[in-house]
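Below: the structure, in structure tokens.
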Amino acid sequence: MQKHVMIGLSFTLTGMLLTACSKEPVAPTGEGNQGKASAPVNLNTSGFPVVKEKITLNLLGSKAAIQGSWDQLQFFQEMEKLTNIGLKFDTPSSDSYNEKKNLAFASGEVPDLFFGGNLTVNDEITYGGQGVLIPLESLIEKYAPNVKKLIDTNPDLKRSITTIDGHIYALPQINNVPRDQALAKLWLNKQWLSNLGLQPPTTIDGLYQVLKDFKDKDPNKNGKADEIPLSFDKATLPMLRTSLLSSFGFVNNRVDVIQDKVVYVSVQEGYKQYLTFMNKLTKDKLLDEEAFTQTNQQMVAKGNGGRIGVFSNAGAYLVSTVEDSYNYMALPPLTSSTNSTKMWPKSPGITRGTFAITNKNKHQEATMRWVDYLYSPEGGAFASQGLEGIGWKWSDAGKTKWSKILPEGYKNTEEFRGGKITPSAGTVLPGIVDSDFILKLDLAHVSNLDKEVKQSYTPYLRNGYPSVYFTQEEQKRLSTLEADLNTYIDQMEAKFILGNEPLQNWDKYVDTIKKMKMDEAVGIYQAAYDRWKQVK
Numbered sequence: 001m002q003k004h005v006m007i008g009l010s011f012t013l014t015g016m017l018l019t020a021c022s023k024e025p026v027a028p029t030g031e032g033n034q035g036k037a038s039a040p041v042n043l044n045t046s047g048f049p050v051v052k053e054k055i056t057l058n059l060l061g062s063k064a065a066i067q068g069s070w071d072q073l074q075f076f077q078e079m080e081k082l083t084n085i086g087l088k089f090d091t092p093s094s095d096s097y098n099e100k101k102n103l104a105f106a107s108g109e110v111p112d113l114f115f116g117g118n119l120t121v122n123d124e125i126t127y128g129g130q131g132v133l134i135p136l137e138s139l140i141e142k143y144a145p146n147v148k149k150l151i152d153t154n155p156d157l158k159r160s161i162t163t164i165d166g167h168i169y170a171l172p173q174i175n176n177v178p179r180d181q182a183l184a185k186l187w188l189n190k191q192w193l194s195n196l197g198l199q200p201p202t203t204i205d206g207l208y209q210v211l212k213d214f215k216d217k218d219p220n221k222n223g224k225a226d227e228i229p230l231s232f233d234k235a236t237l238p239m240l241r242t243s244l245l246s247s248f249g250f251v252n253n254r255v256d257v258i259q260d261k262v263v264y265v266s267v268q269e270g271y272k273q274y275l276t277f278m279n280k281l282t283k284d285k286l287l288d289e290e291a292f293t294q295t296n297q298q299m300v301a302k303g304n305g306g307r308i309g310v311f312s313n314a315g316a317y318l319v320s321t322v323e324d325s326y327n328y329m330a331l332p333p334l335t336s337s338t339n340s341t342k343m344w345p346k347s348p349g350i351t352r353g354t355f356a357i358t359n360k361n362k363h364q365e366a367t368m369r370w371v372d373y374l375y376s377p378e379g380g381a382f383a384s385q386g387l388e389g390i391g392w393k394w395s396d397a398g399k400t401k402w403s404k405i406l407p408e409g410y411k412n413t414e415e416f417r418g419g420k421i422t423p424s425a426g427t428v429l430p431g432i433v434d435s436d437f438i439l440k441l442d443l444a445h446v447s448n449l450d451k452e453v454k455q456s457y458t459p460y461l462r463n464g465y466p467s468v469y470f471t472q473e474e475q476k477r478l479s480t481l482e483a484d485l486n487t488y489i490d491q492m493e494a495k496f497i498l499g500n501e502p503l504q505n506w507d508k509y510v511d512t513i514k515k516m517k518m519d520e521a522v523g524i525y526q527a528a529y530d531r532w533k534q535v536k
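For the sequence shown, position 127 (counting from the first letter as 1) is numbered 127 according to our numbering, and the numbering increases by one without interruption.
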């Protein structure tokens, strides 16, 4: 596909976009809805508009509180001008959306398309199998060159959106921005390191010593013992756990894949070493004593006060102030006595279930061409930020940096983006979040985040257990098994770390998990992984 100039001032300049979706004319497939597909005479198989005579489709999507009415958002208005496809919106709030979605499926009164649809794996399997959601692969082949290119160049993408019956019933959001591919990050106060004349640790034992020095040597130089070496809350514990488990050879919290074999992390020796490390921090008072009970707001208040040495989060500025976030470095992967390989968990970059076409849709080919634009770099940028000159602007003549526009009357750019520009503010949309555009955002603390991730984590990213599909029977059984397993493991993790359960009882803990049919759960994960691997 020809590389286009990033979004211009108006989509009325369609000439520069004509090659965004180029294919030779083909007969309509009516895939999943034979006899009801639109006649090809009204469909332009390349360029814009998508259809010669205007059509209108019914859309169901999840509306976030920050968003204005979807029919008033610039994104949909400009898409209608570009494609000649209008939309009738049914957008319940995100709190009530799932209820509305389930009612639509149960009653058979489904829309033409789900957009920002939050479809679950069970939705895809159940209603795809029933023919309510149509298979998309034939439409992708003929009418979605952008989606097809992404699938052809990334085998894991096709595996992750192909259900067990071999069909694709829903399209995902695809995110290739490095900072989002390394979602979990471990932040270390480098100003404290400098104050104490220390170097960043490279091993888990080295991290312990740094935390001990943070406690004992007054790294903030205020003459008070008010430093918190390591902190977390309920929301950030999973990130911290994943970050530290990488030191012991794992990049997933519950199940991981080692040489194509699924392992249950919570009974492995490396997990025991993680618990031993955390318990040692508790004994030596290096761990925030309120970690298991505090709210995120309480933790952030400590971070804003400059009291935390190490924490895990997507960005340092989410815990410290924006100004102080520059005092933190992304700590690269550590090694340990049980693992000498540096690794870091890679987020899949795929959010499934964002878009689907139903059997009520009489314009399936046109609908696929409509959404395919969002999987091009320019379409993805438009869905994310709106039109140049309204939602955002170039910061320099060379178009190497861009900044968000904040009109008067709005508290922040997100309020403006969600209220007037696009549902991307608050709703996960189909399409691509492309690093070539996103990384040009001229925002110092975000640029710093990108730099930190690129140098500390990108070289060490490793895929863990992938996004798979379970059968309905497997999903039901797994949900039953894990309801008990996860509750028990979470409770015992806290007890082991806090010392309420001695680590001498590790074998008893493992035996209990096995009696709770852990091996059956592993078997289900393995079967799903094996099917995932077989998709070509």
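We treat Cβ as the ideally placed atom computed from N, Cα and C, and that holds for glycine.
Within 10 angstroms of the beta-carbon of Gly-197 lie fewer than 16 other beta-carbons, which makes it exposed.
Boundaries of the beta strand (DSSP E) harbouring Phe-355: 350-357, taken from the DSSP string. Secondary structure note for Phe-248: it is in no alpha helix (DSSP H), with a DSSP letter that is neither H nor E.
When DSSP states are grouped into helix, strand and coil, Gly-315 belongs to the coil group.
Your pair Asp-256 and Tyr-465 checks out as a contact, with CB atoms roughly 6 Å apart and the cut at 8 Å.
Taking C-beta atoms as the reference points, Ser-456 and Pro-332 count as a pair closer than 7 Å. Val-262 and Gln-526 do touch by the CB rule: their CB atoms are close to 4 Å apart, below 8 Å. The Cβ atoms of Ser-467 and Ile-350 sit closer than 7 Å to each other. Asn-486: member of the alpha helix (DSSP H) spanning 472-498, first to last residue. The beta carbons of Ser-395 and Lys-401 sit closer together than 7 Å. By the Cβ rule, the segment 169-184 does not count as touching the segment 485-494, because fewer than three pairs are nearer than 8 Å. In the DSSP assignment, Gly-418 falls outside any alpha helix (DSSP H), carrying neither H nor E. Per DSSP, reduced to three states, the secondary structure at Pro-201 is coil, with no helix or strand assignment.
For Ser-231, the number of other beta carbons within 10 angstroms of its own is at least 16, and it is reported as buried. Less than 7 Å divides the Cβ of Leu-136 from the Cβ of Ile-168. Gly-270 sits close to Gly-249, with the two beta carbons spaced by under 7 Å. Contact between Val-433 and Ser-384 holds: their C-beta atoms lie close to 6 Å from each other, under 8 Å.
If you look at Lys-393, you'll find it isn't in any alpha helix (DSSP H); it sits in the beta strand (DSSP E) that goes 392-394. Leu-281 places its beta carbon less than 7 Å from that of Leu-287. Relative to the Cα of Ser-347, the nearest Cα in the group Gly-206, Asn-252, Glu-415 belongs to Asn-252.
Residue pairing for Gly-61: DSSP places it in no beta bridge.
In the DSSP annotation of this structure, the continuous segment of the beta strand (DSSP E) that includes Gln-173 starts and ends at 171-175.
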